[in-house]
Amino acid sequence: MGTRPPAVVVPDPRRVRDRVLTRPRVLTWMRRTFAASFVALGARLALADR
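Residue numbers (our numbering): 42 to 91.
#1: For proline 47, which of helix, strand or coil comes out of DSSP?
#2: For the alpha helix (DSSP H) that proline 52 lies in, which residues bound it at each end?
#3: Would you give the residue range spanned by the alpha helix (DSSP H) that arginine 33 belongs to?
#4: Skipping 5 residues on each side, what residues in its chain have a beta carbon closer than 8 Å to that of leucine 62?
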């Protein structure tokens with residue numbers, strides 16, 4: 042009697058990509074998230090001690 046690991050469901054990358062690219066709200070959210078992280082990293086670099 043062994044133990045079975047839980048089944049892992051992996052979404053199809055092509056379907057995920059198609060669903061993301063066809064939704065303007067998702068693209069806007071992704072762009073804003075990327076921009077905010079880029080600004081945060083730039084601020085961190087500007088304030089870092091050298």
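Every residue gets a Cβ at the ideal spot worked out from N, C-alpha and C, and that includes glycine.
Once the coordinates are examined:
#1: Sequence index remark: in the sequence shown, residue 47 carries index 6 (1-based). Proline 47 falls in the coil class under three-state DSSP.
#2: For the purposes of this step, residue 52 is taken as residue 11 along the sequence shown, with counting starting at 1. First-last for proline 52: undefined, no H or E at that position.
#3: Nothing in the structure corresponds to residue 33, since the chain is present only between 42 and 91.
#4: What you label residue 62 is simply residue 21 of the sequence shown in a count that begins at 1. Within its own chain, the residues whose Cβ lies closer than 8 Å to the Cβ of leucine 62, once the five positions on either side in sequence are excluded, are Leu68, listed in chain order.
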